[in-house]
Every structure is written in structure tokens, then in C-alpha cells.
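Everything below concerns the one structure shown next.
Chains as they are written, first to last, in the working numbering: chain A, 1 to 148; chain B, 149 to 279.
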């Protein structure tokens with residue numbers, strides 16, 4: 001796997017905050033972030049609309065494998081150098097149901113949580129956080145090598 | 149030869165022989181851990197293994213030699229045995245701690261290597277065509 005593309009909601013404050021944090025981490029597999037509001041999403045990832053990217057986080061490998069929801073989060077952690085061990089813990093059959101309900105809960109209520117944390121519109125929140133604007137390909141995380 | 153000299157010589161012999169035994173055990177049985185940790189790179193594993201054993205010898209022999217003058221001086225055969233027991237026991241405990249530390253280091257190296265090359269823990273939910 002050469003890259004892992006993450007489809008995220010750019011209209012949600014915490015999603016953008018998490019995207020900034022993820023991009024700062026050292027990665028075994030570089031993460032590429034694409035806002036699901038991007039008009040070219042369907043053209044770049046044909047058939048992705050059927051997987052409902054507006055409901056859950058979606059991770060797509062450069063070879064076309066798609067992970068949704070909790071699996072998408074597990075893959076995101078797996079791509080990061082410092083958190084790969086956490087991806088195995090989360091994928092453990094004992095922990096996965098909890099991880100799934102937490103991911104699901106956060107995804108379903110992400111706008112409300114953003115509102116609650118930032119108390120503002122996502123645009124204002126982003127400005128407060130001093131987040132750099134994310135152009136198409138500048139949103140990749142640092143490459144740390146070692147592909148698997 | 150008086151009691152003190154006999155005591156020192158016995159202490160040095162016992163301690164250094166034990167150190168050699170532990171080091172050679174580590175060297176022989178630690179290799180398989182390291183080969184695994186370095187993904188079958190036997191040359192690198194042997195090199196690291198050798199360097200670890202050198203460090204192990206330096207610390208242990210250094211401590212043993214350093215500790216010769218410390219402790220109660222024996223006056224007769226009974227006190228010599230007591231003192232010998234205390235000092236050799238101390239060396240054995242330190243060797244034990246060093247030994248487990250070594251295993252810990254080996255195992256950590258191995259675990260890091262495993263996780264670095266681990267495949268994804270979850271199967272994909274779907275496939276899409278990519279250019």
C-alpha cells in the first residue's frame with residue numbers, strides 16, 4: 001500500500017481538527033485527505049457514493065480497497081507509526097464492538113460535538129485554530145517509509 | 149596464602165566463570181530472537197548479538213573487579229565462606245537483572261519489527277476501481 005486516502009467532512013470542526021492532527025503524525029503509509037464535499041470525489045473514486053461517505057469515515061487504499069466506519073479508523077491508526085499498535089488493539093474482537101459504537105456515535109453526532117466544543121461554525125473554528133487551508137495534494141502526512 | 153587472598157581469588161574465579169556462562173548462554177540463545185527482529189538479516193543480528201555480549205562482559209567483569217575490596221574482611225574459614233556467599237550472591241543477582249534486561253531489549257526489538265511489517269488488522273469492506 002502506497003497511500004491511504006481519507007474522506008472526511010470538511011464542514012465539521014472536529015473532523016478538520018482531527019485531519020490537522022493526523023497530518024502531523026509520522027506515517028508508515030502516507031495519508032491523503034480529501035473533503036467529501038469535493039466535487040471530484042465521485043470522479044476520483046467511482047461508486048463511492050453508494051458507501052455513504054457522509055455517514056462514516058472512509059479510508060481508500062491506492063489499490064481500491066475501501067474501509068468504512070470503525071474499520072476506516074483502524075486503518076488510519078494502522079498507517080501511523082506511533083499508533084499502529086493501537087490499530088491492533090482496536091481490531092481485537094473484544095474491543096471492536098466498543099470501538100465501533102464510539103466511532104459510530106462520534107460520526108453521527110460530529111456536527112453537534114463540533115458545535116459544542118467550538119460553539120461556532122466550522123469556518124470560524126478553523127480560523128481560531130489557525131489551520132492552514134487544505135489544497136488537494138498538500139494535505140498528505142509525512143512519509144515515514146516502510147510500506148506493507 | 150592467607151584467608152583474604154584465598155577469599156579474593158575464589159570470589160574472582162566464581163564470579164567470572166558465572167559471567168562467562170551467562171554471556172555464552174545469552175549469545176547462543178539470543179541469536180534466534182535477533183534474527184527474527186532484523187527480519188532474517190543474519191549478519192546484522194550476529195553483529196548486534198556480539199556487541200550486546202561485549203557490553204554485558206564489560207559491565208559485569210567491571211563490577212566484579214570493582215567490588216573486590218568491599219565487604220567485611222574474613223578472619224577465618226567460616227567468615228571467609230560467609231563473605232564469599234554475600235559477594236558471589238550479589239554478583240548473581242546483578243547478572244540475573246542484566247539477563248532479564250537483555251531479554252526485554254531483545255523482545256522489544258522483535259516486537260517493533262513485527263509491528264512495522266504487520267499487514268492491516270481488518271479486511272476491506274468494499275472495493276472500488278482505481279485508475
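Backbone N, C-alpha and C fix where the C-beta goes; we use that ideal spot for every residue, glycine too.
Next on the checklist: Would the region 107-114 of chain A count as touching the region 3-16 of chain A if we require 3 or more Cβ pairs under 8 Å?
Outcome noted: With a cut-off of 8 Å, the region 3-16 of chain A and the region 107-114 of chain A count as touching, because enough Cβ pairs lie within range.
Next on the checklist: For residue 152/B, which residues in the same chain have their Cβ closer than 7 Å to its Cβ, ignoring the five residues on either side in sequence?
Outcome noted: Here residue 152/B is taken as the residue at index 4 of the second chain, counted from 1. Same-chain partners within the cutoff: 221, 222.
Next on the checklist: Tell me the rounded alpha-carbon separation between residue 46/A and residue 4/A.
Outcome noted: By one-based count along the first chain, residue 46/A stands at place 46. By one-based count along the first chain, residue 4/A stands at place 4. In a straight line, the C-alpha of residue 46/A is about 16 Å away from that of residue 4/A.
Checklist entry - What did DSSP end up calling residue 269/B once you bin it into helix, strand or coil? => result Residue numbering aside, residue 269/B sits at position 121 when the second chain is read from its first letter. Correct three-state label for residue 269/B: coil.
Item to check | Cβ distance (whole Å) where residue 8/A is taken to contact residue 57/A below 8 Å | outcome: Position 8 of the first chain, counting from 1, holds the residue named residue 8/A. Position 57 of the first chain, counting from 1, holds the residue named residue 57/A. About 7 Å separates the CB atoms of residue 8/A and residue 57/A; that is less than 8 Å, so the two are in contact.
Checklist entry - Does any C-beta atom of chain B lie closer than 8 Å to the C-beta of residue 45/A? => result To locate residue 45/A, count along the first chain from 1; it is residue 45. Cβ-Cβ to chain B under 8 Å: yes for residue 45/A.
Checklist entry - How many Å lie between residue 92/A and residue 61/A at the Cα? => result If you number the first chain from 1, residue 92/A lands on position 92. If you number the first chain from 1, residue 61/A lands on position 61. Going from the Cα of residue 92/A to the Cα of residue 61/A covers about 22 Å.
Item to check | Chain-ordered residues of the region 180-198 of chain B with a beta carbon less than 7 Å from chain A | outcome: Those would be none; no residue qualifies.
Item to check | Stretch-stretch touch, CB-based, cutoff 8 Å, three pairs: the region 188-197 of chain B with the region 268-275 of chain B | outcome: Segments in contact, no.
Next on the checklist: Within the continuous alpha helix (DSSP H) that includes residue 97/A, where are the two ends?
Outcome noted: The sequence position of residue 97/A within the first chain is 97, counting from 1. Counted as a single uninterrupted DSSP element, the alpha helix (DSSP H) harbouring residue 97/A occupies residues 96-108.
Checklist entry - Cα-Cα, which of 70/A, 99/A, 23/A is closest to residue 82/A? => result Taking the first chain and counting its residues from 1, the one referred to as residue 82/A is at position 82. Selected option, being the one with the closest Cα: 23/A.
Checklist entry - What first and last residue would you give for the beta strand (DSSP E) that runs through residue 8/A? => result Here the question's residue 8/A lines up with position 8 in the first chain. First-last of the beta strand (DSSP E) with residue 8/A: 4-8.
Item to check | Test: residue 62/A CB closer than 8 Å to a CB of chain B | outcome: For the purposes of this step, residue 62/A is taken as residue 62 along the first chain, with counting starting at 1. Yes, contact with chain B.
Item to check | Expected contact under 8 Å - CB spacing of residue 202/B and residue 175/B to nearest Å | outcome: As a position in the second chain, residue 202/B is number 54, starting the count at 1. As a position in the second chain, residue 175/B is number 27, starting the count at 1. That belief does not hold up - the Cβ atoms of residue 202/B and residue 175/B are roughly 10 Å apart, past 8 Å.
Item to check | residue 33/A versus residue 40/A: straight-line alpha-carbon distance, rounded | outcome: Taking the first residue of the first chain as 1, we reach residue 33/A at position 33. Taking the first residue of the first chain as 1, we reach residue 40/A at position 40. When only Cα atoms are considered, residue 33/A and residue 40/A end up about 13 Å apart.
Checklist entry - residue 217/B to residue 157/B, Cα distance in whole Å? => result Here residue 217/B is taken as the residue at index 69 of the second chain, counted from 1. Here residue 157/B is taken as the residue at index 9 of the second chain, counted from 1. One C-alpha to the other measures close to 12 Å.
Checklist entry - Which term fits residue 155/B, buried or exposed, when burial requires 16 or more other beta carbons within 10 angstroms of its beta carbon? => result The count along the second chain starts at 1 and reaches residue 155/B at position 7. A buried status is given to residue 155/B, since no fewer than 16 other beta-carbon atoms sit within 10 Å of its beta-carbon.
Next on the checklist: Just verifying my parser: in three-state terms, what is the DSSP assignment at residue 156/B?
Outcome noted: Position 8 of the second chain, counted from the first residue, corresponds to residue 156/B. Three-state result, residue 156/B: helix.
Checklist entry - Is residue 43/A buried or exposed, if buried means 16 or more other CB atoms sit within 10 Å of its CB? => result One-based indexing of the first chain puts residue 43/A at position 43. In the assembly as shown, residue 43/A is an exposed residue. Its beta-carbon has fewer than 16 other beta-carbons within 10 Å.
Checklist entry - Using a C-beta cutoff of 8 Å, does residue 261/B count as contacting chain A? => result What you label residue 261/B is simply residue 113 of the second chain in a count that begins at 1. Residue 261/B has a beta carbon lying at 8 Å or more from every beta carbon in chain A.
Checklist entry - Apart from the five residues just before and just after residue 87/A, which ones in its own chain have a Cβ nearer than 6 Å to its Cβ? => result On the first chain, residue 87/A is found 87 positions in, with the first residue counted as 1. For residue 87/A, the CB contacts under 6 Å within the same chain, skipping 5 residues up- and downstream, are 74, 77, 78 in chain order.
Item to check | Which listed residue (54/A, 71/A, 6/A) has its alpha carbon closest to that of residue 100/A | outcome: Reading the first chain from its first residue, position 100 is the one you call residue 100/A. Closest option to residue 100/A, judged by alpha-carbon separation, among 54/A, 71/A, 6/A: 71/A.
Checklist entry - Can you tell me the Cα-Cα spacing of residue 30/A and residue 2/A, whole angstroms? => result Residue mapping note: residue 30/A aligns to position 30 of the first chain, counting from 1. Residue mapping note: residue 2/A aligns to position 2 of the first chain, counting from 1. Cα-Cα distance, rounded: 7 Å.
Checklist entry - Exposed or buried, residue 172/B, counting other C-beta atoms within 10 Å across all chains shown (16 or more means buried)? => result Position 24 of the second chain, counted from the first residue, corresponds to residue 172/B. Exposed.
Next on the checklist: Report the CB separation of residue 263/B from residue 84/A in whole angstroms; it is logged as a contact under 8 Å.
Outcome noted: Here residue 263/B refers to the residue found at position 115 when the second chain is read from its first residue. Here residue 84/A refers to the residue found at position 84 when the first chain is read from its first residue. Distance from residue 263/B to residue 84/A at the Cβ level is roughly 5 Å; contact confirmed, criterion being Cβ atoms closer than 8 Å.
Next on the checklist: Less than 8 Å between C-beta atoms, sequence neighbours within five positions excluded: which residues of the same chain meet that for residue 185/B?
Outcome noted: For the purposes of this step, residue 185/B is identified with residue 37 of the second chain, where counting begins at 1. For residue 185/B, where only same-chain residues beyond five positions count, the Cβ hits under 8 Å are 193, 254, 257, 258, 260, 261.
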